[in-house]
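In this text, residue positions in the first sequence follow my numbering: the first is -6, and each later residue adds one. Just so you know, even glycine gets a beta-carbon here, dropped at the ideal spot from N, CA and C.
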Amino acid sequence: MSYNGMRPVRVRFAPSPTGHLHLGGLRTALFDWLWARKTGGKFILRIEDTDRRRFDPESMDSLVSGLRWLGLEWDEGPDIGGPCAPYVQSQRQQIYKEKAEELVKRGAAYRCYCTPERLADMREEQRRAGRRTGYDRHCRNLSDEERSRCEAEGVPSVIRLAVPLEGVTVFSDLLRGDIEVENRQLQDEVLLKADGLPTYHLAAMVDDNVMEITHVLRGEEWLATAPVHRLIVDAFGWEMPVLVHLPVILDPSGKGKMSKRKKMVAGKEFLALVHEFQDSGYLPDAMFNFLTNVGWNFDPDQEVFSREEAIERFSLEEINPAAAALPYEKLDWLNGLYIRALTPSALKTALLPFLSRQLGVSETELVSDGKLDVLIPVIQERIKRLDEAAEWIDWAYVKSDAISYDDPKLLIGRKLDAGQSADILRTGARLLAEVEPFSAEVIHAAFREKADEIGVKAGSFFGPVRGAISGKKVSPPLFESIEALGRIETLQRIGHAVAFLEEQGALESG
RNA sequence: GCCCCCAUCGUCUAGAGGACUAGGACUCAGGCCUUUCAAGCCUGCAACAGGGGUUCGAAUCCCCUUGGGGGUACCA
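What follows is the structure in structure tokens.
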């Protein structure tokens, strides 16, 4: 597939390095990538760092690592170069300056000498008068004498676009069709700032042209300034790329654009930054699957699909122009699905950094004992995020005397009293002392047999043991847990539990 | 305020005039399974914002209202 039947597709993700990459940006990049891969075109990464004040040096890492995390490799970009290098706008200053001057010569733009103070006063006055705010075009009508006087005095200036005073500007959005805007609603936007750097309006149009971008995917927040971009492109006599304004991603309340700032909704803090999702243990494949289905739909009857399938089916025309909130619960569900689809060994690898951090045990130590190999397969279907694993198995990584039995119900079997529960625990301990080999399967069989023999329900038997070894009411399956813990440690914990029950009993009767 | 965009279950969505008694997924509720918790399976609750047109026929087309979102910087 190609643009105009001729040009190969070239799309670009053009973030500005002003902070951490958030999910909205990642989704834009994802759709760019999908389109490039589908069409056999190029996916380009371009850094739009034309705002010196908002520049954040750390954001480059965030951008790059976020994109890589999702697996969106680019074909041209700052780090790998390409035919249109450099791909960092601050390194392309000269070209914007020339292009801006060119527009001035053509009469499509003009120098403006207004100070920021005058602009601020003007806006203030407009606001007070209840009028529409906007540049009053003071410098558009400067006489030649005034102009040369300003130049002679060295008054700092910007270059502004000379928007037609009348008529309408029409541009086309792939998802919304033709959109018509009256020129009198438009501003004489600044193209080149006083510091010599371009604004987005100029820089993006110039680069999109120079880099032969065929499709521009960007956030819906750009829709309002698209007519200005059309005017700029026309002034140069260039061809307009296909515009695709992606719906904004709303915060979970469904109100307002998801921002980088932390926000609480329904008493819960929700994630917005890519690295936060990463740190919470979402799998890249799950995130890819999830994000692809927000604003676009793979198939109403198939929720889970591979990258290849997504590339195969993706189409720009099918993108839904309506803003959407992220279905976070669906993400959790999907992530759980992907976790369960992992091989235990792959899951172990993915889990190691999380467990190490949360359990305070080094990764080498975690790998050296065999516990994880027994435990991971049984917690696999119980976790939806990687960061949930630690709380399932933390009891296996503490000393036996660190297990607390404070909750009195912990060691009491269903329909049993404290004395009977202690007996049950002693029975279990006897079994565990002899069983050979010390494996979940064998232990399980032994316990079953004993339960039948003494006429105790499985739940009543296993419950106290579970409490004894884990200190928890809810734990991974009991027999794998026992196997992971090992015979000595298990017997020690049961011993402590029995002692605890006896102590309780003594206190009560005494 | 002004300009622009959008509008199907709580949420993500299918639906491009008759196949709609509006489908799927998540969530939630109930059930089965079961050593706890999960997972799995089954069942259920739940939507075309409102009003006018157009048409034999409208969730689908048009208009208005309402609601929501975006923009209104020498930020992107």
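Unbroken alpha helix (DSSP H) runs of no fewer than 4 residues, entirely contained in the segment 52 to 125, are found at 52 to 63, 86 to 99 and 109 to 121, following chain order. In the three-state reduction of the DSSP assignment, Asp166 falls in the strand class. As a beta-bridge residue in DSSP terms, His15 pairs with Leu266. Contact between the segment 368 to 383 and the segment 439 to 456 is absent, with fewer than three C-beta pairs closer than 8 Å. The DSSP-derived three-state label of Pro1 is coil.
Per DSSP, Gly212 is one residue of the beta strand (DSSP E) stretching across His208 to Gly212. Rounded to the nearest whole angstrom, the CA to CA distance from Trp388 to Ile396 is 7 Å. His238: member of the beta strand (DSSP E) spanning Val235 to Leu239, first to last residue. Under the three-state reduction of DSSP output, Ala316 falls in the coil class, being neither helix nor strand. Looking at the backbone, the Cα of Val2 and that of Glu69 are separated by about 13 Å.
The beta carbon of Ser463 is closer than 6 Å to those of Trp388 in its chain, skipping five residues each way along the sequence.
Judged by DSSP in its simplified three-state form, Lys323 adopts helix.
Counting only unbroken stretches of 4 or more residues, the alpha helix (DSSP H) elements lying wholly within the segment 435 to 485 are 451 to 463 and 471 to 478, in sequence order. Looking at the DSSP output, Val151 bridges to Cys105. Rounded to whole angstroms, Phe164 and Glu311 show a C-alpha spacing of 20 Å. Look at Pro157 here: in three-state DSSP terms it is coil, with no helix or strand label.
Below 8 Å, enough C-beta pairs join the segment 155 to 170 and the segment 179 to 191 to call them touching: three or more. By the Cβ-count criterion, Arg169 is exposed, with fewer than 16 other Cβ atoms from all chains shown falling within 10 Å of its own Cβ. For Leu185, the enclosing beta strand (DSSP E) stretches over residues Val183 to Leu185.
Your pair Ile436 and Leu425 checks out as a contact, with CB atoms roughly 7 Å apart and the cut at 8 Å. Here DSSP, grouped into helix, strand and coil, assigns Phe431 to coil. In this chain, the alpha helix (DSSP H) harbouring Phe229 covers Ala219 to Phe229.
Asn282 counts as buried, since at least 16 other C-beta atoms from the protein chains shown sit within 10 angstroms of its C-beta. According to DSSP, residue pairing for Lys250 in a beta bridge involves Leu243. Cα atoms of Thr420 and Ala334: separation of roughly 38 Å, rounded to the nearest angstrom. Looking only at Glu301, Lys450, Ile372 and Tyr103, the smallest Cα-Cα distance to Leu409 is reached by Lys450.
Shown here, Glu175 sits in a strand according to DSSP, grouped into three states.
Per DSSP, the beta bridge partners of Leu38 are Phe6. DSSP places Pro293 outside both helix and strand once states are collapsed to three, so it counts as coil.
In the three-state DSSP reduction, Pro50 falls in the coil class, being neither helix nor strand. Ala279: member of the alpha helix (DSSP H) spanning Pro277 to Thr285, first to last residue. Straight-line spacing of the CA atoms in Ala433 and Leu403 works out to 22 Å. Remark: C-beta atoms of Asp72 and Thr11 do not approach each other more closely than 8 Å. The beta carbon of Ile37 is closer than 8 Å to those of Arg3, Val4, Arg5, Phe6, Trp67, Asp68, Glu69, Gly70, Gly75, Cys77, Tyr80, Met204 and Ile206 in its chain, skipping five residues each way along the sequence. Here the alpha carbon of Leu190 sits roughly 26 Å from the alpha carbon of Ser252.
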